Amino acid sequence: MIKMRPYVPSQRIAIRDSIDEDISDDIDDDVFIKDSRTAKLNEEKGLKRPLMAPRHKNGKSLNSTPIMKKHRRCCWRCCEPFCYALAAITIITAIISLAALILTMVPLSMQKFKYWFYHNNNNNNNPSILLPLNDGKLTYDENMSMEFVPCTQINVQKLWSKTFPRMNSESPVRKVDLNGDNINDIIFGFGVDDNIQYEGYILPKCKSPLQGEEVPCEGGVIAVDGRNGELLWQSWSVANVFSLLCALDVNQDGYTDCVAAGRLGMIFAINGRNGNSIWEFHEIEVETNSPILMDLYTINVVRDLDGDEIPEILAVHLEEREESKAGHIKVIAGKTGKVIRTIPTPYREEVFVPVQIITKEDGTELLLIVTGGQNTPGGVYSIRLLSLMKFTSEKEFTTLYHHKHSGLMVPAILTDLTGDGKADIIVSAFNSTVMAFDGRNFSMLWNYSFPASDSVSAIVPGHFNHDNISDFMVKYNTGPGFPVYYYSQTTILDGRNGKPLLSSMMTDSGGASSLLGGVSISQTFGGDFFLHWQMHCRDKADNKDAYEFVPGKISVVLVINFK
Numbered sequence: 001m002i003k004m005r006p007y008v009p010s011q012r013i014a015i016r017d018s019i020d021e022d023i024s025d026d027i028d029d030d031v032f033i034k035d036s037r038t039a040k041l042n043e044e045k046g047l048k049r050p051l052m053a054p055r056h057k058n059g060k061s062l063n064s065t066p067i068m069k070k071h072r073r074c075c076w077r078c079c080e081p082f083c084y085a086l087a088a089i090t091i092i093t094a095i096i097s098l099a100a101l102i103l104t105m106v107p108l109s110m111q112k113f114k115y116w117f118y119h120n121n122n123n124n125n126n127p128s129i130l131l132p133l134n135d136g137k138l139t140y141d142e143n144m145s146m147e148f149v150p151c152t153q154i155n156v157q158k159l160w161s162k163t164f165p166r167m168n169s170e171s172p173v174r175k176v177d178l179n180g181d182n183i184n185d186i187i188f189g190f191g192v193d194d195n196i197q198y199e200g201y202i203l204p205k206c207k208s209p210l211q212g213e214e215v216p217c218e219g220g221v222i223a224v225d226g227r228n229g230e231l232l233w234q235s236w237s238v239a240n241v242f243s244l245l246c247a248l249d250v251n252q253d254g255y256t257d258c259v260a261a262g263r264l265g266m267i268f269a270i271n272g273r274n275g276n277s278i279w280e281f282h283e284i285e286v287e288t289n290s291p292i293l294m295d296l297y298t299i300n301v302v303r304d305l306d307g308d309e310i311p312e313i314l315a316v317h318l319e320e321r322e323e324s325k326a327g328h329i330k331v332i333a334g335k336t337g338k339v340i341r342t343i344p345t346p347y348r349e350e351v352f353v354p355v356q357i358i359t360k361e362d363g364t365e366l367l368l369i370v371t372g373g374q375n376t377p378g379g380v381y382s383i384r385l386l387s388l389m390k391f392t393s394e395k396e397f398t399t400l401y402h403h404k405h406s407g408l409m410v411p412a413i414l415t416d417l418t419g420d421g422k423a424d425i426i427v428s429a430f431n432s433t434v435m436a437f438d439g440r441n442f443s444m445l446w447n448y449s450f451p452a453s454d455s456v457s458a459i460v461p462g463h464f465n466h467d468n469i470s471d472f473m474v475k476y477n478t479g480p481g482f483p484v485y486y487y488s489q490t491t492i493l494d495g496r497n498g499k500p501l502l503s504s505m506m507t508d509s510g511g512a513s514s515l516l517g518g519v520s521i522s523q524t525f526g527g528d529f530f531l532h533w534q535m536h537c538r539d540k541a542d543n544k545d546a547y548e549f550v551p552g553k554i555s556v557v558l559v560i561n562f563k
């Protein structure tokens, strides 16, 4: 008979192993027990005996993991690098977009970054500073160099606008404070639309200088308040005003007055305070019995020559008769409007631009005369002001340039190109060529040609680069001839050598706007803005083909380029 002993627990303490951290959380922890009999043997063998097989918490075996889950984990391992790369690209793009937005909202020239980087890394021992303007003057430390960084963007804000219906303007715009509020007012000449009388608008009457009878006024001068655009005054004239000066006090009342000129031989002085007429020029010079078809004046101001303390008017007068054209130069008393002296233009060539004044180093005053038309001879000439007053023959003129088939129809630019402190002369001939002449000896400095082209566009000066020498935007047109052109070319010429500063010509499709020049916005230290007009055919940018205007089907696109 076998006797069974009851189970007696061991007196030794059962030691449980710690939880294995390498096993997944979804598997129950394995439990291992050491007892007195097997502990030593197991330790020697490095074995541990589990109480039971490991299980998943959901009751499934470890080896029963679904195949689909394993496949998903494999795909994630393959796609993981691409996901991280996509996230990195997204973050970088967002940062770049944010930086671009900030730079757009707060413009900052990249030249400033270059300046800061360069001087902080290469000139720490002798620091330089970027100096601001202080009321138009420069302040600087003698121990520091300076660099001016021009603006690269401009913001335009509309202050006011004023509309004058059925009027057009071909005169320059002048800025003068007429009402004493320390704000420049705007003065310009105008002409009226040819159809204005047929629309029921009654024009005032003006006295014709040719027949002496009352006729409808067809032009005049307008002044508007520079502060708000309100009309200050309007002065009427018998014809369209082409030339306007507001640079002398004719009636000596302490305020600037204006002198206007245009067709039909008219020249008249206007009170700048109220627009009333001070005097009118009535002389009509007739050399033959043939009628005068056109009588055009352009004007400028010279110093007082008759001792009345009022500057004189220098007028260039063009007469076109049935068989010939002839130009004259007149000195007119600024106080009374009376003719002091009259001489013919060089070779009696026609003139469309005002005479300009050059002062030599010794104080000698020269008059620069630009003559010629589209199909008539012309050139560039000079004459001493005192020789004009004592004129005897055409030998008094000095010829800088002459062309027997065409002349020059825009004013010259006077600026120092050689750095000698003397103004040099830059002209644009109607036929293809831009030229620069030394102001000391009138020798040619450089020339640049636009083959097979014409130009009636004014030269636009400005500092395009940073060499402190004026550069020039010029425009030439190609086509059958004035006023029809198929396309135009615009570029900027370097004042030092006359070579283009742009990598390629700016072209447009011609038309009426191709005759317009442009303007420049000066920044004093280079990097000026050049604004100019362009026209492009619809859906055919830079088209150079011949074209015809279809009535009522003209489409014009205005393009303004900044640089």
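Numbering-wise (UniProt numbering), the sequence shown opens with residue 1 and increments by one.
A virtual CB, placed ideally from N, CA and C, is assigned to each residue, including glycine.
If you're wondering where the values come from, they're calculated on a predicted model, not measured in any experiment.
- Assigned with DSSP and collapsed to three states, Ile183 falls in coil, not helix or strand.
- Distances from the CA of Asp308 to each of Ala333, Leu296, Gly327 and Lys325 were compared; the closest alpha carbon is that of Ala333.
- In summary, Val474 is buried, with 16 or more beta-carbon neighbours lying within 10 Å of its beta-carbon over all protein chains present.
- Note that the C-beta distance between Thr342 and Lys325 is not below 7 Å.
- The residues Trp160 and Lys162, in chain order, have a CB closer than 6 Å to that of Gly229 in the same chain once the five nearest residues on each side in sequence are set aside.
- In the three-state scheme derived from DSSP, where H, G and I count as helix and E and B as strand, Pro172 is classed as coil.
- Short of 8 Å from the beta carbon of Tyr487, and not among the five residues preceding or following it, lie these beta carbons of its own chain, in chain order: Asn477, Thr478, Gly479, Thr507, Asp508, Ser509, Gly510, Ser514, Asp542, Asn543 and Lys544.
- Taking a contact to require three or more Cβ pairs closer than 8 Å, the segment 165-177 and the segment 185-196 qualify as touching.
- Per DSSP, Ser387 lies in no beta strand (DSSP E); the unbroken alpha helix (DSSP H) holding it starts and ends at Leu385 to Met389.
- Here Asp295 is buried. Its C-beta has 16 or more other C-beta atoms within 10 Å.
- When secondary structure is reduced to three states using DSSP, Glu319 falls in the strand class.
- Asn477: member of the beta strand (DSSP E) spanning Asp471 to Thr478, first to last residue.
- Contact annotation: the segment 492-503 touches the segment 456-466, with at least three C-beta pairs closer than 8 Å.
- A direct Cα-to-Cα measurement between Ser453 and Val484 gives close to 12 Å.
- Taken atom to atom, the span from the alpha-carbon of Lys158 to that of Gly265 is near 38 Å.
- Spanning the alpha carbons of Ala260 and Val221 requires a straight line of approximately 8 Å.
- In the DSSP annotation of this structure, Phe397 is not part of any beta strand (DSSP E), being labelled neither H nor E.
- Considering only Trp279, Val302, Thr152 and Ser443, the residue with the shortest C-alpha distance to Thr336 is Trp279.
- Within 10 angstroms of the beta-carbon of Leu231 lie fewer than 16 other beta-carbons, which makes it exposed.
- Restricting attention to Trp233, Leu367, Asp193 and Tyr201, the CA atom closest to the CA of Gly219 is found in Asp193.
- Residue pairing by DSSP puts Pro461 in a beta bridge opposite Phe472.
- At the C-beta level, Glu350 and Leu318 come within 7 Å of one another.
- When Trp446, Phe281 and Ala423 are compared, the shortest CA-CA separation from Val434 is found for Trp446.
- When secondary structure is reduced to three states using DSSP, Ser97 falls in the helix class.
- Residue state for Arg227 is assigned as coil, using DSSP reduced to three classes.
- Of the candidates Asn168, Ser243 and Arg496, the residue whose Cα lies closest to the Cα of Gly419 is Arg496.
- Taking every protein chain shown into account, the CB of Cys258 has 16 or more other CB atoms within 10 angstroms, so this residue is buried.
- In this structure, the alpha-carbon of Lys205 lies about 47 Å from that of Phe450.
- Taking each of Leu400, Arg440 and Phe268 in turn and checking the Cα distance to Pro209, the smallest one comes out for Phe268.
- Our two residues, Asp424 and Lys207, have alpha carbons roughly 43 Å apart in a direct line.
- Here DSSP, grouped into helix, strand and coil, assigns Leu232 to strand.
- Closest by C-alpha distance to Cys151, out of Ala223, Leu86 and Gly526, is Gly526.
- When the beta-carbon positions are compared, Leu400 and Phe442 come within less than 7 Å of each other.
- Note on geometry: alpha-carbon atoms of Ala88 and Ser97 lie some 14 Å from one another.
- Ile154 sits exposed, since fewer than 16 C-beta atoms from the chains shown fall within 10 Å of its C-beta.
- Annotation: Val355 to Val250 spans about 20 Å, alpha carbon to alpha carbon.
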